[in-house]
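Numbering-wise (this note's numbering), the sequence shown opens with residue 12 and increments by one.
No residue lacks a Cβ here, since even glycine has one placed at the ideal position from N, Cα and C.
What follows is a short report on a single structure.
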Amino acid sequence: MFASLKHFFRRWRRPLAGLLLLLLLIGGLLIANEVKTSHFQASYLANYAAGLDYRLVDGASDAIRFPAHGPFDQRMGYTELPQTIERLGSRGFVLKQQARFSGKLMDYTERGNFPPFHEKSRAGLDLVDCRGETLHRFRYPYHGYPDFAAVPPKMAEALMFIENRDLLDESRPKMNPAVDWVRFTRAVLGRLGHLVSEDFDAPGGSTLATQIEKYRHSPDGVTYDSHEKLRQMLSASVRAYLDGEETLPVRRRVLLDYLNTVPLSAAPGYGEVNGIADGLWVWFAADFDQVNALLAAPEGSGATLAAQGTALHQSVALMIAHRRPSYYLSRAGRDNLERLSQSYVRLLADSGLVSPALRDAALAEPLKFRDMKANPARLPTDIGKGTTAIRNRLAGMLDASLYELDRFDAHVSTTLNGALQQQVSEFLEKLGDPDFARRQGLLGERMLNPAKLGLVRYSFNLVERTADGNRVRVQTDTTDQPLDINEGSKLELGSTAKLRVLTTYLEIVAELHQRLTERPAADLRRMRSEQHDRLTLWAIEHLSTATDRSLPAMLQAALERHYSASPGESFFTGGGAHEFNNFRHEDDGRMPTVREALQGSINLVFVRLMRDVVRYAMYQVPGSSAQLLKNDNDPRRLEYLARFADREGQVFLRRFWHKYQGKKPEEIRDVFLDGLRPGADRLAAVFRYLSPQASPEALKQFLSQRLNGEALSAERIDKLYARNAPEIYDLPDRGYVARVHPLELWLVGFLSAKPQASWTETVQASANERQAVYGWLFRTRFKGAQDSRIYTMLEVEAFLDIHRRWARLGYPFGHLVPSLATALGSSGDRPAALADLMGIIVNDGVQLPTQRIDKLAFAVDTPYETRFARETGEGKRVMAPEVAAALRNALSEVVEGGTARRLSGAFKLADGSSLALGGKTGTGDNRIVISGNNTRGVAMNRTATFVFYIGPNHFGTLTAYVIGPEAASYNFTSALPVQILKSMGPVLLPHLEPNATGCTL
């Protein structure tokens, strides 16, 4: 058998060898043809790519894979989309639509490949208003070529010569741009040579297409190993045939995309630099349009030729810099970049791509980089305040910086009315012009001085009530700072606080009505109540004698109660004796009703009304400490006190726990300190408790910061340091000195040291402190001091309950100053928060969500497209409708005959009818006292505010303010914003008509 086989091969050896050689030749020819034409690749990959599709489906997709890495995927927000879905879901947004991968695309991406689609060279944040008009549009890179035709031939030829010479070979219509087989083979051999000797130069084998895959989608934008290189080549190959077998249009787009997106390091004050266009501007301060015009123009002479040479040299330098951008574009690598770019300019000339004259012009001038200190690269900004507020809100929702947010591939629909926002902003800006201000009736006593208009700033907020919620239509201010005054400030807005006090008062009346109205009059007359609780006593008297015992009637009767407006009483509040004054001394001798006091904004009436509210909270809130003081001889007193301290101490501790939970130590301290009324003694007591080991110098720095730079002598600092030493006061006494609840002070110290502590750990750690806080009340030696301390403590607890009531209605801060001065605005407020309260009143006591953002769409026209819409709800009832109606009526009387009467009848519709108006005025004058024996002080700001409603569906605020010591020279009152609102009538009225069109959201 073996002999026969041997004979066979001997006989057919030459024919078989010839056949094998023929097959090898045919195979070689086929491979050579495939390398040149990509015929089989085009056929297979085009067919394969056709199945890698996706479509948009309603609701959440059950087949989608988000990228986990890649600089471009990270920058555009694609990698963050899983977290974005969670964050927006927790904030009331519903995922409405999302891309769904086909089965083939799902399989393809599960293998680690990058999904093929037409990627965006430039993307960024779009904000549109309620009509779909652009409010904010950011595109990154900032500059770029719009299409291939805009690329100067010299720019394209230089890039291809350096990186991918055959890219646009029109004789190879099906060429795969992802693989240059000659370069790839040379690179493989180079890698093998590098294994033999580290000195062997291994050239790169990447085409422009694979480089784009690398810097867009590979981890960190680099190739860590051969597996990553193969993934780049495969992904680029599939992407090349996404539109079919013909690839010349794709190759042109590859060159265009590379020019527009190539990474070129980062510049100080600018951030990442991507694309030749931005690179020219950032690194060389070159005008992109001018560079393009020079490179596209015929070769010139003289100065024109020199400019063309500079443009060419700069462009070539950036093409080289991509290889090591962080090095070549830094000071350390610029000389090497200069040498390399000059050598490539010479090669371009040797290859006939540029003339010798242009070559010489390019080499004549060295590269001149931008001076980043003298001439920093900064993008122009023209962002309105409403847009700023929404961008800040978005950044918080998405846990991103504004820099990151602007670079997200996102489209956001807002509720703002862009046209009205622009008109209002322009109107407010013009108020700095004396002639314009005069024509609006804004100059005069208690208004504006024409010589001092420049420092007055204005903010305006207008909200529309719709079936889907409250939609902010205008939110603007005239500051040149990024802070949004409407939402980001804490201002003393004066008598607008009276609206919050009145609201609390009427809610208490409604509570008393609910509790007492079912009892017969005879039973009510036999009831006994705490003599200091005037509100409960009045409710009992009213319901026992009234013929109409309905809640509306009782609320109207409550508004008709009389209070003295006399300033002749000293009020013990906030731990000391205080006196208050009325704005108009003519009111001092009056005994007005609450209704009349609201119309005239009479201070002393509301101070006394607040005192009644505080005393109601002292005696009627369950668990109040006041109940312990009724019977000094009760033998169970100490046992009851211990149980009370443990139980009720936890109640207050939990309130504080929710206030600080989840915050960082520095945030905890800032929130706590911001709630304190500034004063050296109080702040020193707190500082020495929270930082017992700190030096006197640290105390000095702390007080200087918290007292806005107020200088204290070294002797005063030493006394404060010694007087507040840790061993001087126990926790209750220190809380008394600081005018804070001792348990809050303890919790701030505890969580500052252990921010991750659980509620259980906090309760266990505070056992002794809770006993101490309530036990100290009965150990004071002198009864007078005991009573004052008891009352101070009771007042602190009462204000905790009042704060709970205010917070339920949108009060934005976590603390109220425990003083009757809160009735006059000392606890601060925000214009937007006052507008929210007005919205509750307008909507009959139902709190609707206030919306600024309506819809969000991420990664539109990509496989990651995800769309959200605001979840609609019915709102939450937070106020009895009868209370809201009583408040609306009382606020309308402020316009009809009170401090806002100049607005009466001012807003008339096209049919001649008048819109119903109501509101509350307020003037704040915040000062730091510099002498304890008089009222002199340094003014820190002056504010005048009007919170209003116009018609059945619109409400908002208008504030005028001056911040800084210059505020002392201004004496405008709330008459100013009232008059401004009246003057804005022609701007606002077209949008207040019943059938006003414009907003679709």
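{"query": "Uninterrupted beta strand (DSSP E) stretches inside the segment 443 to 499 (no shorter than 3 residues)", "result": "468 to 477 and 480 to 488"}
{"query": "N175 to A1007 span [Cα, whole Å]", "result": "59 Å"}
{"query": "Proximity below 8 Å, CB of H238 to CB of F125", "result": "no"}
{"query": "CA-to-CA distance, Y740 to L714, given in whole angstroms", "result": "20 Å"}
{"query": "For E498 and R484, believed in contact at Cβ under 8 Å, the rounded distance", "result": "Actually they do not touch by this definition, with Cβ atoms about 15 Å apart."}
{"query": "Local conformation of F793 per DSSP, three classes", "result": "Bear in mind that the predicted position of F793 carries a pLDDT of just 45, short of 50, making it unreliable; the figure below should be weighed with that in mind. Coil, per DSSP."}
{"query": "Cβ neighbours of R699 in the same chain (closer than 8 Å, five flanking residues each side left out)", "result": "A705, L710, Y732, N735, A736 and P737"}
{"query": "C-beta contact flag for T956 and L504 at 8 Å", "result": "yes"}
{"query": "Cβ separation of A846 and T932, assumed to be a contact under 8 Å, to the nearest whole Å", "result": "Not confirmed; about 15 Å, so no contact."}
{"query": "Own chain, CB closer than 8 Å to K675, minus 5 neighbours either side, in chain order", "result": "P766"}
{"query": "Beta strand (DSSP E) segment containing D865, residue limits", "result": "I864 to F869"}
{"query": "Within the segment 72 to 143, ranges of the beta strand (DSSP E) (whole runs, at least 3 residues)", "result": "104 to 112 and 136 to 139"}
{"query": "Span of the alpha helix (DSSP H) around G290", "result": "I287 to F295"}
{"query": "Extent of the continuous beta strand (DSSP E) to which S612 belongs", "result": "Premise fails: S612 is in no beta strand (DSSP E) and is neither H nor E."}
{"query": "Residue-chain proximity (Q990, chain D), Cβ-Cβ < 8 Å", "result": "Chain labels in this structure do not include chain D; a single protein chain is all it has."}
{"query": "Where Q767 falls: helix, strand or coil (DSSP)", "result": "coil"}
{"query": "Test item: CB-CB of L219 and Y269 under 8 Å", "result": "yes"}
{"query": "R913 beta carbon near the ligand ADP (any heavy atom closer than 7 Å)", "result": "Summarising the ligand content, the structure contains no ligands, and the ligand ADP is consequently not present."}
{"query": "Simplified DSSP assignment, three categories, for L179", "result": "coil"}
{"query": "Neighbourhood of S337 by C-beta, 7 Å cutoff - its chain only, sequence neighbours within 5 removed", "result": "S276"}
{"query": "Assigned secondary structure, T426 (DSSP; H/G/I helix, E/B strand, else coil)", "result": "coil"}
{"query": "Own chain residues within Cβ distance below 8 Å of I173, not counting five before or after", "result": "V327, M330, I331 and Y355"}
{"query": "Backbone CA spacing between E677 and S763 [nearest angstrom]", "result": "7 Å"}
{"query": "Between the CA atoms of L902 and K993 - distance to the nearest angstrom", "result": "17 Å"}
{"query": "Of the residues D446, V520, G836 and M565, the one placed nearest A628, counting alpha carbons only", "result": "V520"}
{"query": "Assigned secondary structure, S237 (DSSP; H/G/I helix, E/B strand, else coil)", "result": "helix"}
{"query": "Three-state class that DSSP yields for E376 in the structure shown", "result": "coil"}
{"query": "Beta carbon of F879 nearer than 8 Å to that of L867", "result": "yes"}
{"query": "Nearest candidate by alpha-carbon position, reference A9, set E376, K240, D444 and E168", "result": "With the chain running from 12 to 1012 in the structure shown, residue 9 is simply not present."}
{"query": "N428 versus L92: straight-line alpha-carbon distance, rounded", "result": "29 Å"}
{"query": "Rounded separation between P646 and H752 - CA only", "result": "Residue confidence is low: P646 scores 46 on pLDDT, short of 50, so the model does not pin down where it sits. Its coordinate-derived value is still stated next. Cα to Cα, P646 sits roughly 28 Å from H752."}
{"query": "Nearest-angstrom Cα separation, counted from L431 out to G155", "result": "33 Å"}
{"query": "Distance between R912 and A986 (C-alpha atoms, nearest Å)", "result": "9 Å"}
{"query": "Three-state class that DSSP yields for S555 in the structure shown", "result": "helix"}
{"query": "Own chain residues within Cβ distance below 8 Å of D420, not counting five before or after", "result": "M87, G88, Y89, K131, A134, G135, F869, A870, V871 and T873"}
{"query": "Rounded distance between the beta-carbons of T258 and P188, thought under 8 Å", "result": "6 Å"}
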